[in-house]
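Heads up: the sequence shown is residues 2 to 430, going by my numbering. Cβ atoms here follow ideal geometry from the backbone N, Cα and C, with glycine treated the same way. Each remark here refers to the structure printed beneath this line.
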Amino acid sequence: MRTLIKTGMKQLMRTKLFWFFVLLAPLLSTLILRSRIDFTIAQDAETEIVELEKAEDKVAYYGGKGEYVIKVYDASGTDLSEYLLNDLQQSGLFTICRADVSGDEMQEMFIAERIREDGFEDKLGAAIYILSDFDEKIREGKTEEAMHIYILSEDSRREALESELKLQFSRMERYCDFMAVKGMMGENFSADLVRAMQEADEQMPEKQTISVAGGEGRILSFEQNNQKSRMGYAFVFLTLGFVFCGFFVAYTSIKEQKNGVFTRITLTNTNALGYFASKIACSFIVSLMMTGITAVCSLLLKPEEMGMDRGRFIAVIFLLGLIFSGLSTLLAILMGDVMGGAMAVFTVWCISSLLSGMYFPITHMSEALKILSMLMPQKWFMEGTEMIFVGDNAAFRVLLYTTTAYLGIILGLGSLGLKLKRADAWELG
Numbered sequence: 002m003r004t005l006i007k008t009g010m011k012q013l014m015r016t017k018l019f020w021f022f023v024l025l026a027p028l029l030s031t032l033i034l035r036s037r038i039d040f041t042i043a044q045d046a047e048t049e050i051v052e053l054e055k056a057e058d059k060v061a062y063y064g065g066k067g068e069y070v071i072k073v074y075d076a077s078g079t080d081l082s083e084y085l086l087n088d089l090q091q092s093g094l095f096t097i098c099r100a101d102v103s104g105d106e107m108q109e110m111f112i113a114e115r116i117r118e119d120g121f122e123d124k125l126g127a128a129i130y131i132l133s134d135f136d137e138k139i140r141e142g143k144t145e146e147a148m149h150i151y152i153l154s155e156d157s158r159r160e161a162l163e164s165e166l167k168l169q170f171s172r173m174e175r176y177c178d179f180m181a182v183k184g185m186m187g188e189n190f191s192a193d194l195v196r197a198m199q200e201a202d203e204q205m206p207e208k209q210t211i212s213v214a215g216g217e218g219r220i221l222s223f224e225q226n227n228q229k230s231r232m233g234y235a236f237v238f239l240t241l242g243f244v245f246c247g248f249f250v251a252y253t254s255i256k257e258q259k260n261g262v263f264t265r266i267t268l269t270n271t272n273a274l275g276y277f278a279s280k281i282a283c284s285f286i287v288s289l290m291m292t293g294i295t296a297v298c299s300l301l302l303k304p305e306e307m308g309m310d311r312g313r314f315i316a317v318i319f320l321l322g323l324i325f326s327g328l329s330t331l332l333a334i335l336m337g338d339v340m341g342g343a344m345a346v347f348t349v350w351c352i353s354s355l356l357s358g359m360y361f362p363i364t365h366m367s368e369a370l371k372i373l374s375m376l377m378p379q380k381w382f383m384e385g386t387e388m389i390f391v392g393d394n395a396a397f398r399v400l401l402y403t404t405t406a407y408l409g410i411i412l413g414l415g416s417l418g419l420k421l422k423r424a425d426a427w428e429l430g
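Here it is, written out as structure tokens:
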């Protein structure tokens, strides 16, 4: 087997395209991790209102972790409506996404059409239309006419929304009555009302929210969500590099099968399992090389850019590389020709990347696709990365089990496939 490994590695070292992938993938992944992009899909909507650029924007992604999303069409744009929406946001029960329509000629028919589209084409709990004369309605005590509320889901949190709005409107009515008695209902009514309620809010005990991370209910901070998104895109480039490096390992096997070298090898004491194991050993060495280059590139990264210490980061990359270099080696060898092997490994890489959650969250996928995503190696490595972020000590146990399981399957299928191909070759002969 040692001779087979040496021969295979010598052929790889002479392949220029092999070095292209080995060097390029770590460099691209490092650039991704160094970027300071704030991914809107992971935007922290717990303390701030999400501002939409236009009324047609979808808000489904802001409810990726089960948040109760409320889309607000604000035709008022005053301090009073701002105060009300901020109060809803700060309650911690809702995610507010606001479209500022104060400068538009908003017709009731247009709003009705928008609400209909929200209900069928978007995913949110409720929609609110704040009328342009919101302040005037509050001043006159017509709070029920100041806004229109549309419940678009059967989520029980709609009751909390209705209760919160009733509470705030009742507060406004009480303060309006007080201001009327004091003769403060002048031109600056809205600003005075907001100031009075803010002063009362400052007298309230400060609320402290503690997030507990554990199990599948892990809660990531805004920066950790960004780190996870960057890590997902870095995994995309790294797995592509590992996939094609594994393909180049398989390329040597394809040539040996075509030239009859494999048949001559099996006439010795080397069986199909030993031959395939030698190719997996080459993939192991290739993964080690590419991980080493990634480790050198990681010296340009700070620990906070990786979300974990350098040693853990390198270990995660190495385990991921073992799976994908071995998987691509298996697929290409079984296909038996260069073009078919390249198409097979690239197709598997594309599909597994899409279903694993590296590009976008899979929260809103169907149950069937969620189950299918559990078969993708990247899915488990994204889970492991998240576990490392929150300090879960079981992260590497999960990653080791995953790697061992996939390598066992790859070795078994590879040796069986080569035996069947050899048997077919004898029959044809």
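Residue environment for C177: buried (at least 16 other C-beta atoms within 10 angstroms of its C-beta). About 6 Å separates the Cβ atoms of G327 and G247, confirming a contact at the 8 Å cut-off. DSSP, reduced to helix, strand and coil, places E68 outside both helices and strands of the structure shown, so it counts as coil. According to the DSSP secondary-structure assignment, M148 is paired through a beta bridge with I131. When DSSP assignments are scanned along the region 271 to 321, the uninterrupted stretches of alpha helix (DSSP H) that are 4 or more residues long and fall wholly within it turn out to be 273 to 298 and 304 to 307.
Bridge pairing for L53: A100 [DSSP]. By the neighbour-count criterion, in which 16 or more other beta carbons inside 10 Å mark a residue as buried, Q379 falls on the buried side. Going by DSSP, S30 is part of the alpha helix (DSSP H) stretching over K17 to R35. Closest in alpha carbon position to I131, among D156, E118, D101 and E114, is D101. A buried status is given to T240, since no fewer than 16 other beta-carbon atoms sit within 10 Å of its beta-carbon. Nearest neighbour of N227 by Cα position, chosen from Y360, V182 and D393, turns out to be Y360. When the five nearest sequence neighbours on each side are left out, the beta carbons in the same chain lying within less than 6 Å of the beta carbon of M232 are those of T386, in order along the chain.
By the neighbour-count criterion, in which a residue is buried when 16 or more other Cβ atoms sit within 10 angstroms of its Cβ, S284 is buried.
DSSP places F236 in the helix class (H, G or I) of the three-state scheme. The beta carbons of I318 and T292 sit about 5 Å from each other, so the pair counts as a contact at 8 Å.
When C-alpha distances from A26 are compared across T4, V244 and L166, the shortest belongs to V244. Within the same chain, L153 come within 6 Å of G120 by CB-CB distance, once the 5 residues on both sides are set aside.
In the pairwise beta carbon analysis, the region 72 to 87 is classified as not touching the region 10 to 29: fewer than three pairs are separated by under 8 Å. Of the candidates L94, M198 and S299, L94 places its Cα closest to the Cα of E165. With contacts defined by Cβ atoms closer than 8 Å, Y69 and D123 do not form a contacting pair. When rounded, the separation of the alpha-carbon atoms in S299 and F390 is 18 Å. The straight-line gap separating the alpha-carbon atoms of D75 and C98 is approximately 10 Å. Put simply, the region 299 to 310 touches the region 29 to 38. At least three CB pairs are less than 8 Å apart.
Put simply, the backbone Cα of V195 is about 15 Å away from that of A181.
In the three-state DSSP reduction, D75 falls in the strand class (E or B).
Contact between S288 and G322 holds: their C-beta atoms lie close to 4 Å from each other, under 8 Å. A Cβ-Cβ contact shorter than 8 Å links F249 with T16.
Spatial neighbours of D80 in its own chain (CB-CB distance under 8 Å, excluding positions within 5 residues in sequence) are listed in chain order as S191, A192 and V195. F95 carries a strand assignment under DSSP once its states are collapsed to helix, strand and coil.
Per DSSP, the continuous alpha helix (DSSP H) segment holding G385 begins and ends at P378 to F390. Following the DSSP letters along the chain, one finds E174 inside the alpha helix (DSSP H) bounded by residues R159 to V182. In this chain, the alpha helix (DSSP H) harbouring S374 covers E368 to S374. Annotation: A406 to E224 spans about 32 Å, alpha carbon to alpha carbon.
G9: member of the alpha helix (DSSP H) spanning R3 to M14, first to last residue.
One Cα belongs to R115, the other to M148, and the distance between them is close to 15 Å.
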